[in-house]
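When the letters of the first sequence are read in order and numbered with my numbering, they come out as residues 63 to 475.
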Amino acid sequence: MKYKGVKGTRDILPPETDIWRHLESTAAGVFQTFGFREIRVPVMEETQVFTRSIGETSDIVEKEMYTFTDRGNRSVTLRPEGTAPVVRALVQNGVFVEHPASKFFYMGPMFRYERPQAGRYRQFHQIGAEAFGIDDPRLDAEILLMLTVLLDKLGLKNLDCQINSIGCPQCRPRFREAVKAFFAERLDGLCADCKRRYETNPLRIMDCKVPACVELRAGAPSVLDHLDEACAAHFRTLTDTLAHLGVPFTVKPTLVRGLDYYTRTTFEVVAGSLGAQNAVAAGGRYDKLVEEFGGPKTPAIGFALGVERMVSLLAETAPPAPRPALFIAALGEPAALRALSIASALRKSGVWAECGYSGSLKSQMRRADKLGARFTLIIGDEEVASGFAQLRNMETKEQELIGLDEAAKRFMD
RNA sequence: GUGAGUGUAGUUCAGCGGUUAGAGCACUGGAUUGUGGAUCCAGUUGUCGGGGGUUCAAAUCCCCUCACUCACCCCA
């Protein structure tokens, strides 16, 4: 084989593409009922767009970015996530000035230079939604509702929607100190990773899987007890509203997000059946990001949904493969031409028709069967001469004589 | 970036020092000279991932490399 796809990339072929289409159009349909409109932004940005927003020390920036220098000596990065480019685009185009409260969705490829594994690729796809300009927790609830409506519409069950609040720039540092103080005296018992986390991101110790660390963190402080009054109230209204709307959720105080820009509400939808990479959607509130991009003070919340992970969940409930309405088997030149014109008439009116062109009738029938054609029209020299041909119902095997001129009309409805 | 496992036909896999490398599925043709799916018969398909080494002899053993898979870190 001469060429292979780049490591961590994947070709998506039928019938899988049918699932992708189904997912994308269902998402667009649901988002639209919540007032979200599509935005399309470039797949690459100036590197700073990501380093400044996601956080210089986050893993994404430190080791996972597809960064290169272009011919104009600019540092360019293939987007590792969608939120930062969207915010950049909205600020640049002055959207917040005219429409301070607006909602957008996007779908497309993202890139992260990671070691591929189940549910993780270097080029992967996300469907994301971002709502700006409203800091009311009821919007947070609606976002979660939108997500559950979508998952529901897709027929997905057994998903757990986990929510948490990580506070704001005022109360989070206090919590962080409390956590550090708690683990300071237990440092020796922690695993090597957690000792590192103690310095870089102590909140991560809370979801370490090493048994010793799990034991040591018993009685550790919870974020929810350290929220300031405003953040606590925000979270309370969120959970109350979710209960009111009937959105199922579980509060998970250890839920931490990897990106620096999150404030207050964070959430994640996990599927038990997916293996190690089990988050199918995740997001949160990011009230300071727009300002950091030079826009007006604009609170915001959004999420991204992992398309590959979703598709693997949807694989069992795959939509049935599309089938041609009519297959036209042709024997001989004049018949082949006649077949082509009948097929072309059908296609013009939106009906899928296939032609057999040439070969033995047997092989053409086989192809008709393989394609799942509902009917097959058999045309040979005699039929061209008489103007009548056999129309075979592939399921019942019944055949009837039909005029070639009416054959096409028969399938146009 | 770290660790483990696996690379043989289009695909799933067998063969694990000894002729000319196999099977199922798929594909093509035939049994049925113009009628599909089932059955039967026949046929096609391979740099045994790549490179180097050991050996009389390597798909098989050793080393390197690349790719894939799974897990860790982290994340959608």
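We put the CB at the ideal spot given by N, CA and C, even for glycine.
Discussion item. With a threshold of 6 Å on Cβ separation, who are the neighbours of Y128 within its own chain once the five nearest residues in sequence on each side are excluded?
Written reply: L140, F173, Y175
Practice prompt. Can you tell me which of I267, G421, M474, L393 puts its alpha carbon nearest to the alpha carbon of H253?
Written response: Note that residue 253 corresponds to Cys in the displayed sequence, not to His. Nearest of I267, G421, M474, L393 to C253, Cα basis: I267.
Worksheet entry | As assigned by DSSP and simplified to three states, the class of H161 | coil
Practice prompt. Measure from the alpha carbon of P147 to the alpha carbon of each residue in Q110, I122, V276, Y183, then state which is nearest.
Written response: Q110
Practice prompt. Please say whether L408 and A415 have beta carbons closer to each other than 7 Å?
Written response: yes
Practice prompt. Can you say whether R99 is buried or exposed, counting buried as having 16 or more other CB atoms within 10 angstroms of its CB?
Written response: exposed
Worksheet item: Bridge partners of L223, per DSSP?
Response: Contrary to the premise, residue 223 reads as Cys rather than Leu in this sequence. BP columns for C223 point to V331.
Worksheet item: Can the beta-carbon of T88 be found less than 7 Å from the beta-carbon of L216?
Response: yes
Worksheet entry | Nearest to R182 (by Cα), restricted to the options A163, E204, G70 | G70
Discussion item. Quick check for students: name the residue ranges of the alpha helix (DSSP H) that lie wholly in the segment 342-428, counting only runs of 4 or more.
Written reply: 351-354, 369-376, 395-410
Fill in: CA nearest to the CA of L152, picked from F365, Y324, F473, L351
L351
Worksheet entry | Ordered list of alpha helix (DSSP H) runs contained in the segment 86-161, each at least 4 residues | 109-116, 121-125, 145-154, 157-160
Practice prompt. Measure the CB-CB distance between D202 and T327 and report whether it falls below 7 Å.
Written response: yes
Discussion item. What does the Cβ neighbour count give for F130, buried or exposed, with the cut at 16 atoms within 10 Å?
Written reply: exposed
Worksheet item: Using CA coordinates, which residue listed in L249, E261, F244, T262 is at the minimum distance from A282?
Response: F244
Discussion item. Taking only three categories from DSSP, how would you classify L239?
Written reply: In the sequence as presented, Leu is not what sits at residue 239; that position holds Glu. Of the three classes helix, strand and coil, the one that applies to E239 here is helix, per DSSP.
Worksheet item: By a C-beta neighbour count over all protein chains shown, 10 Å radius and 16 as the cutoff for buried, is K165 buried or exposed?
Response: buried
Worksheet item: Which two residues bound the contiguous alpha helix (DSSP H) that contains F297?
Response: 291-307
Worksheet entry | Residues near A391 in its chain [Cβ-Cβ closer than 8 Å; skip 5 each side] | A401, G418, L423, Q426, M427, A430, T438, L439, I440, I441
Worksheet entry | Given G8 as reference, the closest of R184, P162, V138 once Cα atoms are compared | Examination of residue 8 is not possible in this model, given that the chain is present from 63 through 475 alone.
Fill in: Backbone CA spacing between D435 and K219 [nearest angstrom]
The sequence given here places Ala at residue 435; Asp does not occur at that position. Those two C-alpha atoms are separated by around 33 Å.
Worksheet item: With C-beta atoms as the reference, is C233 less than 7 Å away from C293?
Response: yes
Worksheet item: Quick one: is T262 buried, meaning 16 or more other Cβ sit within 10 Å of its Cβ, or exposed?
Response: exposed
Discussion item. So, with DSSP's three-state summary, where would you put Y260?
Written reply: helix
Item to complete: Kindly indicate which residue of T360, A191, F329 has the alpha-carbon position closest to the one of H161.
Response: T360
Worksheet item: Based on the DSSP output, what are the partners of I441 in its beta bridges?
Response: A392
Practice prompt. With DSSP collapsed to three states, give me the class of T458.
Written response: coil
Worksheet item: Between A387 and F365, which are expected to be in contact by the criterion C-beta below 8 Å, what is the C-beta distance as a whole number of angstroms?
Response: Going by Cβ atoms, the distance from A387 to F365 rounds to 40 Å, so no, they are not a contact pair.
Discussion item. For F329 and V309, I'd like the C-alpha separation in whole angstroms.
Written reply: 13 Å
Discussion item. Using 7 Å as the threshold, is the C-beta distance between D80 and P381 below it?
Written reply: yes
Item to complete: Spatial neighbours of P315 within its chain, please: CB distance less than 7 Å, with the 5 preceding and 5 following residues excluded, ordered by chain position.
Response: N226, S284, V285, L286
Item to complete: Report the three-state DSSP secondary structure of L466 (helix, strand or coil).
Response: helix
Item to complete: Identify whether E247 lies in helix, strand or coil by the three-state DSSP scheme.
Response: coil
Worksheet item: DSSP state of V272, grouped into three classes?
Response: coil
Worksheet item: With which residues is E192 paired in a DSSP beta bridge?
Response: F166, G364
Worksheet item: CA-CA distance, G357 and Y323?
Response: 15 Å
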